[in-house]
Amino acid sequence: EGKYNGAYLTLYNDEIRASAARFVPDDTLNPDEAQVGAVTWSAGEKTMFFAALERLGKDDLPGISAAIGIKSMPEVRQFLLSLQEAPFKRTVDRGDSKMRVTLQDIPAALEIEQDCEDQLEVAGEALAWYQEIYEMKQEQARYGDHWLITPELAERLEEALKPQLGGLASLPTTTDTEDEKPQKAEKVQVPEPQILQDIPEAKLINTTELLNLSKNFFMNPHPTVSYPWPHWTELVVEQAREPSVYRTAFTDFHALVISLTRRLVQAALIQATSRMRSQGWRSVKGLKPYVKPGDVLSAIDLLGMERNSDKRWAGVARRCGLQVEDRQRGAQGNGSRRKVPWDEVERVLTTEDPGSLNTSGTDDVDFKVKAMRSETPRPTARLSLVSSDGIEPTMDALEEELKAVEAFDQAASQRAQAQLCDVLDLSTPIKKDSPEAKEEKTETKPPRNRFRLPSPSDNWRKWTRYRAEWEELRESIPESEFSINKK
Numbered sequence: 001e002g003k004y005n006g007a008y009l010t011l012y013n014d015e016i017r018a019s020a021a022r023f024v025p026d027d028t029l030n031p032d033e034a035q036v037g038a039v040t041w042s043a044g045e046k047t048m049f050f051a052a053l054e055r056l057g058k059d060d061l062p063g064i065s066a067a068i069g070i071k072s073m074p075e076v077r078q079f080l081l082s083l084q085e086a087p088f089k090r091t092v093d094r095g096d097s098k099m100r101v102t103l104q105d106i107p108a109a110l111e112i113e114q115d116c117e118d119q120l121e122v123a124g125e126a127l128a129w130y131q132e133i134y135e136m137k138q139e140q141a142r143y144g145d146h147w148l149i150t151p152e153l154a155e156r157l158e159e160a161l162k163p164q165l166g167g168l169a170s171l172p173t174t175t176d177t178e179d180e181k182p183q184k185a186e187k188v189q190v191p192e193p194q195i196l197q198d199i200p201e202a203k204l205i206n207t208t209e210l211l212n213l214s215k216n217f218f219m220n221p222h223p224t225v226s227y228p229w230p231h232w233t234e235l236v237v238e239q240a241r242e243p244s245v246y247r248t249a250f251t252d253f254h255a256l257v258i259s260l261t262r263r264l265v266q267a268a269l270i271q272a273t274s275r276m277r278s279q280g281w282r283s284v285k286g287l288k289p290y291v292k293p294g295d296v297l298s299a300i301d302l303l304g305m306e307r308n309s310d311k312r313w314a315g316v317a318r319r320c321g322l323q324v325e326d327r328q329r330g331a332q333g334n335g336s337r338r339k340v341p342w343d344e345v346e347r348v349l350t351t352e353d354p355g356s357l358n359t360s361g362t363d364d365v366d367f368k369v370k371a372m373r374s375e376t377p378r379p380t381a382r383l384s385l386v387s388s389d390g391i392e393p394t395m396d397a398l399e400e401e402l403k404a405v406e407a408f409d410q411a412a413s414q415r416a417q418a419q420l421c422d423v424l425d426l427s428t429p430i431k432k433d434s435p436e437a438k439e440e441k442t443e444t445k446p447p448r449n450r451f452r453l454p455s456p457s458d459n460w461r462k463w464t465r466y467r468a469e470w471e472e473l474r475e476s477i478p479e480s481e482f483s484i485n486k487k
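Next comes the structure, spelled out in structure tokens:
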């Protein structure tokens, strides 16, 4: 509680806003309106282009185009190519070698010292603790006693659901005389327990199984397995000794299940209707429900959902550190047990085509054969390392360049760490320029002949030939897939 840092909260919120916005334009960048070919680029479009380029990279043309909004992918690609070729055209036209991009011009990832990193981690944990307390108070004020779905509460919900699963209760009626006809049994609605009235979402979602999945599979990584999230035992708090879920999260999950189910049913009905119309199928007495499994699979693909959960369950054995055994029976009934490796378990549980998972060295051979057949030049073995004067560098000059770049990156990291400590008011000492550091800086001054980065001739885009996605399929599409929508 005493480690809370308000400046860290401000910094954290700024990073959250930047991540949510995805593309943060640079206020210092004021480009002019220009025309590239037949397309006019305004200052705002250029600013958004560079912001998306910084976040997504030059390979994500659809993402950059979507960020700009009014520029298509060919227009974005043409503008990107013009930017890449501009420095080299200027060098050819003017003979100006000062425009070459060097390693010093590209900022590397900033590094901070371990002491500063530890203090940032403590500040983050303190902020997380305050946020957790705040969310608990909000949940308690909103839902009262049932603000947290714990395993104990899940068992109570399961017991309350047992009478409801039986449906309506029938009470038979008797008659006083034999002449009177017995009346039909009356249907009596079983009263709903109060706990189900408070938590109606439990009628659809099995809370016990939901928590068991988290405890036994998704929050149960083995200590020897590298996993980005900790074991659930490391997240135990006073209010929840086992995996639990907030009532708000449980309600949101219920709403998500309802929404996805509705969308899936609607998409399946649309696919079935489209198929029936294309086949000329009509009913004399109105429409008939006629949904095939293929319609449901098409609807799943349209919604971008997975057809099954094989991929999710294939990695459970490795993640949880399970020992899988295969029992092999002999001719006389006796058998032996064989320990199955995790790779084999994942291969058996995965329904993908094994050919699509081939990552052996034969891929390079196939690529070279295809390149020779399609007259596509293969990439060069080495990238060009030529100085600005056209002289190949020696090993000593190259080492000198790398040392200068390393010193440049370390100086940038120290400046960033000092700025971070000043903003957060951290007590981490920043190393000043010691005599050893000054001597190192003197020894690693950037040389005059700074070597340029590889030219576009070394870029794979220059020698790679574009192919449509369907041309790269290992197996042709079966005719049964085409005959589904035929008459």
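In the UniProt record's numbering, the protein residues as written are 1 to 487. Built from N, CA and C at the ideal position, the CB exists for glycine as well. Bear in mind that the values here come from a model prediction, so they are computed numbers and not experimental data.
Using the Cβ count rule (16 or more neighbours within 10 Å means buried), how would you classify residue i?
i: T376; result: Confidence at T376 is low in this model, with a pLDDT of 47, below 50, so the placement of that residue should be treated as unreliable; the coordinate-derived value is given next. Flag for T376 reads exposed.
i: M48; result: buried
i: V24; result: exposed
i: W147; result: buried
i: Q414; result: buried
i: P221; result: buried
i: A38; result: exposed
i: E15; result: exposed
i: S298; result: buried
i: M219; result: buried
i: A468; result: exposed
i: D433; result: Its pLDDT being 49, under 50, D433 is placed unreliably in this model, and the value from its coordinates should be taken loosely. So D433 counts as exposed.
i: P454; result: With a pLDDT of only 49 at P454, under 50, the local geometry of the prediction cannot be trusted, and no value is derived from it.
i: Y8; result: buried
i: I477; result: exposed
i: F79; result: buried
i: A404; result: buried
i: L153; result: buried
Which one of the options has the shortest CA to CA distance from residue i?
i: S480; options: V405, R312, V345, G294; result: G294
i: A418; options: T150, Q78, Q239, L110; result: L110
i: D32; options: V24, P193, E45; result: E45
i: A314; options: Q328, A20, D343; result: D343
i: R337; options: D252, K403, E325; result: E325
i: A21; options: R55, W41, Q194; result: R55
i: L165; options: P191, S42, H231; result: P191
i: Q140; options: Q239, T233, D409; result: Q239
i: R262; options: R474, D396, I300; result: I300
i: D198; options: N308, A34, D59, G144; result: G144
i: R319; options: L426, P230, E401, A67; result: P230
i: N308; options: M73, K403, E400, T350; result: T350
i: Q119; options: L426, D252, A86, E399; result: L426
Flag this pair as yes or no: are the beta carbons of residue i and residue j separated by less than 9 Å?
i: Y290; j: A272; result: yes
i: E158; j: T208; result: yes
i: T28; j: R142; result: no
i: A202; j: L196; result: yes
i: S214; j: V237; result: no
i: A126; j: N13; result: no
i: residue 488; j: I70; result: This structure cannot settle anything about residue 488, because the visible part of the chain is limited to 1 through 487.
i: F250; j: I149; result: yes
i: A160; j: P200; result: no
i: G321; j: P223; result: yes
i: S82; j: V36; result: yes
i: V296; j: L264; result: yes
Across which residues does DSSP place residue i in a beta bridge pair?
i: E469; result: Its beta-bridge partners do not exist; DSSP assigns none.
i: D326; result: R338
i: L148; result: Y246
i: W313; result: Paired residue(s): none; W313 is not in a bridge.
i: W41; result: A34
With residue i and residue j assumed to form a contact (beta carbons below 8 Å), what rounded beta-carbon distance in angstroms separates them?
i: L420; j: I112; result: 7 Å
i: L204; j: V257; result: 7 Å
i: A123; j: K3; result: 6 Å
i: F217; j: V316; result: 6 Å
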